[in-house]
Amino acid sequence: MKIRLRNAEVYDPPSGRDGQRCDLFIDGQNIVAPLPERPFVADAEFDLSGHFVMAGAIDLHTHIGGGKAAIARMLMPELLRPVSEPERGSNLRDPLLLRRQDSFLPPAPYVGRRYIEMGYTACFEPAMLPCNARGTHAELADTPLIDAGAYVVLGNDHILLSMLRDKVDQRLINCYVAATVHATRAMGVKVVNAGGISAFKFNQRHLDVDEVHPHYGITPAQIIRSLACAVDAIGLPQPLHVHASNLGMAGNIESTLKTIAAAAGHRIHLTHVQFHCYGKEGSRGFSSGSEQLVAALQANPNVTIDVGQVMFGQTVTISADAMHQYHARRYAKPRKSVIVDIECEAGCGVVPFKYEHRRYVHALQWAIGLELFLMLDNPERVFLTTDHPNGGPFTTYPHIMRLLMDASFRETALSEVDAEAAAASQLSGLSRCYTLTDIAKMTRSAPASFLGLTQQGHLQPGAIADITVYRHASDWEATFARPTHVFRRGRLVVRDGQLIDQAPTVLHALRPDYDPADLQKLQRYFQQVGNGGPQMLQISDDELSSLIGAEPCNHSCGTAKEMLV
Amino acid sequence: MYPETECRFASIENPLEIHCPFCPLYCSLAWSASETPITEGRLLNQGDRVFSESSSCALAAERWGRYRRAASAYSRRDSNRSIEPILMGQSVVGDALQWEESLSRLSRAKRVIVDGLIVDVQTARAAVRAAASFRGRLYHSNSDHEWSESLERNGLIGSTIHDVALHADTIVMLGPVNDTWPRLERRMAEIREANKLAPLGVRCIATAGELATLWANGRELSHEWLNEARSLAWFIAPGFLNRYQIGSLLDFNDRLNGTRRSRVVPMSQGTTLRTVASWLTGLTPPLDFSRGLPQSLEYEHDDFGQPDPVERADVCIWLRPYPDSPLPPPVAEFTIVVGCETPQVEQGIVATFRTSVPGIESSCLSYRGDGTVCVALGQIQGSTDGRCVGREVLAIDWPSAAYVLSRLTSESLARRLQP
Chain V
924 MKIRLRNAEV YDPPSGRDGQ RCDLFIDGQN IVAPLPERPF VADAEFDLSG HFVMAGAIDL
984 HTHIGGGKAA IARMLMPELL RPVSEPERGS NLRDPLLLRR QDSFLPPAPY VGRRYIEMGY
1044 TACFEPAMLP CNARGTHAEL ADTPLIDAGA YVVLGNDHIL LSMLRDKVDQ RLINCYVAAT
1104 VHATRAMGVK VVNAGGISAF KFNQRHLDVD EVHPHYGITP AQIIRSLACA VDAIGLPQPL
1164 HVHASNLGMA GNIESTLKTI AAAAGHRIHL THVQFHCYGK EGSRGFSSGS EQLVAALQAN
1224 PNVTIDVGQV MFGQTVTISA DAMHQYHARR YAKPRKSVIV DIECEAGCGV VPFKYEHRRY
1284 VHALQWAIGL ELFLMLDNPE RVFLTTDHPN GGPFTTYPHI MRLLMDASFR ETALSEVDAE
1344 AAAASQLSGL SRCYTLTDIA KMTRSAPASF LGLTQQGHLQ PGAIADITVY RHASDWEATF
1404 ARPTHVFRRG RLVVRDGQLI DQAPTVLHAL RPDYDPADLQ KLQRYFQQVG NGGPQMLQIS
1464 DDELSSLIGA EPCNHSCGTA KEMLV
Chain S
22 MYPETECRFA SIENPLEIHC PFCPLYCSLA WSASETPITE GRLLNQGDRV FSESSSCALA
82 AERWGRYRRA ASAYSRRDSN RSIEPILMGQ SVVGDALQWE ESLSRLSRAK RVIVDGLIVD
142 VQTARAAVRA AASFRGRLYH SNSDHEWSES LERNGLIGST IHDVALHADT IVMLGPVNDT
202 WPRLERRMAE IREANKLAPL GVRCIATAGE LATLWANGRE LSHEWLNEAR SLAWFIAPGF
262 LNRYQIGSLL DFNDRLNGTR RSRVVPMSQG TTLRTVASWL TGLTPPLDFS RGLPQSLEYE
322 HDDFGQPDPV ERADVCIWLR PYPDSPLPPP VAEFTIVVGC ETPQVEQGIV ATFRTSVPGI
382 ESSCLSYRGD GTVCVALGQI QGSTDGRCVG REVLAIDWPS AAYVLSRLTS ESLARRLQP
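Just so you know, the sequences run in chain order V and S. 924 is the number of the first residue of the first sequence in our numbering; add one for each residue after it. 22 is the number of the first residue of the second sequence in our numbering; add one for each residue after it.
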């Protein structure tokens, strides 16, 4: 189908368009540039006067699959009973997509619906365990309407830690990482509390970046360096995704700075860094470390961050970091939790939690997140996340955008939180306001570039036609919560904030090369955990498309060119 | 009735490896094709290494034994070929009538129940969608409700089998765990040997009386072995503990973790459907879709009772993946059995649709007893060509239960919409 979008006010940083009016042309799944000699005959036209346009947004860190959320739902069904909302004129065929009240942990089909209704067209699950890769992809396949993918978790697995203990050649570690990414169809590699989850299995309750693991005799710093090196060596577009040590602990900014140093110049991405940015100053022994972190980021261009903004209200924290979650159990609300060791690979911790705006620590966490957004002046190095659902549900993104774009709104919000926390934060002194171009960079072009999605995150000819149209309004939250039109891969799927059409999930995966002969050399490590290693985890394209039911989209490493299978 | 797809046979040169599909242990079994030639398109497993390996496991021997006939030829698939079900010349004469009758009944039914035993993710996905599409009810007669209720009330500190094998020093078997999972101890011993670790200390508690003694003494850690254990795991046989005992165990386990690591490993069935239903609907079975959005049926009953699945319905779709799976109760005017052949006695079964056995005849996924991990069953590996892994699979003699359920659902719903 050919579609013309007339008079679009376009915000598209890669093409340098900063609100200029122009027409956009869609042919099939792609944005095209009409040839001068052949007039573009559109099947449908939309006049977008009074509207502005961006590419579809991309959430690079949101826990929407992989078993943890399922455990969380089983843990507290009393907080997650669905409440229906009236829906007029809907002709959706899938009963699982019916409109319901937003909750902090919606089921997979509704996650897809809410994301696309907010103008997000691609979302990435950041913590897929290798042994659970099939389940994760099945769950993502049941999250329709969006492009999805997952990062495979390494760095606490018995195989890698044993290899590091035995000081095997880095080339073999690269091979193991590549084979695991290839087999599990991952879009990146994540390390969670490097070595810490494993240490917890040996009854160690704390492990800092430079501490020696009680069993393997290696440090988290070594693990991070080795994995970051492997990610660079095998050509993954995305740097190593790092959930640093000592999440949530007062004074953990020191661990975060040591983590940056441990990378030794390799590219790393510090995720939900708000939770890793705490000092020990002040009468409460809990303070903001944002200034130190921003200084470190400015000195280390190899590092990017996403924030993990805290939003007030009930949520549930879900993480592979079983060591941290075990400590966090004492703050559980309601008072129950699940902590599980998983298959010599990592762990899982589910702890329900309620962030309260009148509590000093929670209010300061909220403020620290906003400080990070506002202090780091390059929106291409800081990404918008709540670490859904850990800091709050993804449905709060429009509210966060308003906090970033509207200084008076932010000031009002600050006045409503715990006064001591407000005074301890530097937020009141930060007058910066994000522009629409900043938002487009932070939520579109930068995450696409970060993930190697060359055809997404921008509106230039050749791009996939993921397009979000917003109406200008005085309230940015209302604007971003309800786009007037969302085109996904060239199809209009949302109109006036309502889902009007369905579309299957596209699953992105990287296919790094490795030498099978090198993998054979690692067989003894695979036998030690009894699972056969990456070879046994292999998921094929036809399994994905026919059995799991998603459209595979492979990217070769280095070039990251999209190949729809 | 089912799509007929040409099946191309390929000779298998390499030894193959298969994960035994019948329990969560992930036992890796070798299948030597050179010793077991393909005969007329069928690879007979009688006497081959799969059978001889699995004969050390009573559970696997029993189930493999029933499936000698089902050992199919292998087909080589490449990445461009669909894995739509392949029907390899099996007679379906007579099934067409049953199919027609089933569609007719389903298209007219006001109350539909989906129930039975579901052991794999694909069938679970199809079952939830079927129940939602028919605005029916989804039960899981084989689910361990005590565990799901205890999880809701207390949470838990748990683990998985391979983690226990590597990190625990003592395991406690509560109930007949070894009867249900005969190779459990041997499997863990293999992993410990591979890692040069000392053998696990094993304690068995077989009766309620022994358990009561453990509670009485164990709370004070006065058992010598309990006091000395630095890293414990509690394996619990399905149905051995009631909800109060589970609550006590979880509390005790929680307390033990103050000074050491201690984890529970409930060896319960039903985890797969609970997990899949939770990601699809936000809730776990039993579920009622009659009002559109799913509602949990548990809360329509008293807090201590299980919902009663014995209710009359127009149609009951009963999943029966293994020959020894439960038979359907007479709860509906018309019962459609999807799975293994079912003796048509006393149950009033009208239609049976034979489907492949998860993990043997069709590739599928299943969650282990802890509810957190899924594994591929029936995953086969060409051991000399690492890059071709997953390209060779068992040919499907019968369509999968997921496929049959999806077809039944979509075709009968299409009929409902016809004027």
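Virtual Cβ for every residue (Gly too), placed ideally from N, Cα, C.
Exercise. Going by beta carbon distance, what residues of the same chain come within less than 7 Å of Gly1208(V), once the five residues before and after it are set aside?
Worked result: Ala1173
Problem set entry | Secondary structure, alpha helix (DSSP H): runs of 4+ residues fully inside the segment 1300-1384 of chain V | 1320-1328, 1330-1338, 1342-1347, 1359-1363, 1369-1374
For this session: May I ask you to report which of helix, strand or coil DSSP gives Val955(V)?
Result: strand
Problem set entry | Spatially closest choice to His1395(V) from Ala1156(V), Leu1337(V), Pro1406(V), by CA coordinates | Pro1406(V)
For this session: Measure the C-alpha to C-alpha separation of Asn1169(V) and Asn175(S) and round it to an integer number of angstroms.
Result: 26 Å
Exercise. Are Leu1163(V) and Ala1144(V) touching if we call contact CB-CB under 8 Å?
Worked result: no
Exercise. If you count every other CB in all the chains shown that lies within 10 Å of the CB of Val336(S), and 16 or more means buried, which is it?
Worked result: buried
For this session: Grab me the residues of Asp324(S)'s own chain with a C-beta within less than 6 Å of its C-beta, minus the 5 sequence neighbours each way, in chain order.
Result: Confidence in Asp324(S) is poor, its pLDDT being 42 and thus under 50, which makes the residue's placement unreliable; the coordinate value appears in the next sentence. Answer for Asp324(S): no residue qualifies.
Exercise. Taking DSSP as the reference, what is the three-state secondary structure of Thr449(S)?
Worked result: A question about residue 449(S) goes unanswered here, because the residues of chain S that appear run from 22 up to 440.
For this session: Measure from the C-beta of Cys1476(V) to each C-beta in chain S and report whether the shortest distance is under 8 Å.
Result: no
Exercise. Under the three-state reduction of DSSP, which class applies to Glu1040(V): helix, strand or coil?
Worked result: helix
Exercise. At what residues does the beta strand (DSSP E) containing Ile1390(V) begin and finish?
Worked result: 1390-1394
Exercise. Of all the options His1195(V), Ser972(V), Gly939(V), which has the alpha carbon lying nearest to the alpha carbon of His986(V)?
Worked result: His1195(V)
Exercise. Which first and last residues belong to the beta strand (DSSP E) in which Ala899(V) is found?
Worked result: Any question about residue 899(V) goes unanswered here, given that chain V covers just 924 to 1488.
For this session: Just mark Ala980(V) as buried or exposed, buried being the case when its beta carbon has 16 or more other beta carbons within 10 Å.
Result: buried
For this session: With 9 Å as the limit, tell me which residues of the segment 178-190 of chain S have their beta carbon closer than that to any beta carbon of chain V; keep them in chain order.
Result: Ile178, Gly179, Ser180, Thr181, Ile182, His183, Asp184, Val185, Ala186, Leu187, His188
For this session: Along the alpha helix (DSSP H) that carries Glu206(S), what are the first and last residues, could you check?
Result: 205-215
For this session: Could you check what DSSP says for Phe261(S) in three-state terms: helix, strand or coil?
Result: coil
Exercise. What residues in the segment 1237-1271 of chain V have a beta carbon less than 7 Å from any beta carbon of chain S?
Worked result: Lys1259, Ser1260, Val1261, Ile1262, Val1263, Asp1264, Ile1265, Glu1266, Cys1267, Cys1271
Problem set entry | Rounded straight-line distance, which links the Cα of Ile1228(V) to that of Glu1177(V) | 16 Å
Problem set entry | Which listed residue (Ala1153(V), Tyr1249(V), Gln1450(V)) has its alpha carbon closest to that of Gly279(S) | Tyr1249(V)
For this session: Let me know the secondary structure DSSP gives Gly1072(V) once reduced to three states.
Result: strand
For this session: Can you give me the start and stop residues for the alpha helix (DSSP H) that Ile184(S) sits inside?
Result: It is Asp, not Ile, that sits at residue 184(S) in the sequence shown. Asp184(S) -> alpha helix (DSSP H) spans 182-188.
Exercise. Any beta-carbon of chain S closer than 8 Å to the one on Gln1425(V)?
Worked result: no
Problem set entry | Residue burial classification, Val1104(V) (beta-carbon count within 10 angstroms, cutoff 16) | buried
Exercise. Buried or exposed: which applies to Val378(S), given that a residue is buried once 16 or more other Cβ atoms fall within 10 Å of its Cβ?
Worked result: buried
Exercise. Would Asn17(S) count as contacting chain V if we go by Cβ distances under 8 Å?
Worked result: Residue 17(S) cannot be examined here, being either before or after the span of chain S that is shown, 22 to 440.
For this session: Quick one: which residues of the segment 989-1002 of chain V get their C-beta closer than 9 Å to a C-beta of chain S? List them in chain order.
Result: Gly990, Lys991, Ala992, Ala993, Ile994, Ala995, Arg996, Met997, Leu998, Met999, Pro1000, Glu1001
Problem set entry | Contacting residues, own chain, Cβ-Cβ under 6 Å from Met999(V) (five flanking each side not counted) | Pro1275
Exercise. Any beta-carbon of chain S closer than 8 Å to the one on Ser1032(V)?
Worked result: Note that residue 1032(V) is Pro in the sequence shown here, rather than Ser. Yes, its Cβ sits closer than 8 Å to a Cβ of chain S.
Exercise. Counting along the chain, where does the beta strand (DSSP E) carrying His1195(V) start and finish?
Worked result: Unbroken run through His1195(V): none, as it is neither H nor E.
For this session: Closer than 7 Å by C-beta to Ala1384(V): which residues in its own chain qualify, once you throw out the five before and the five after it? Chain order, please.
Result: With the sequence shown as reference, residue 1384(V) is identified as Pro, and Ala is not the correct amino acid for it. Closer than 7 Å at Cβ, skipping near neighbours: Ile954, Val955, Ala956.
For this session: From the DSSP output, in three-state form, read off Ala1489(V) for me.
Result: The requested residue 1489(V) does not occur in the structure, where chain V is confined to residues 924 to 1488.
Exercise. Quick one: does Phe256(S) have its CB under 8 Å from some CB of chain V?
Worked result: no
Exercise. Thinking just about the alpha-carbon of each residue, which of Ser1211(V), Phe1373(V), Gln1458(V) is nearest to the one in Ala1346(V)?
Worked result: Ser1211(V)
Exercise. Does the beta-carbon distance from Gln1197(V) to Gln1288(V) come in below 8 Å?
Worked result: yes
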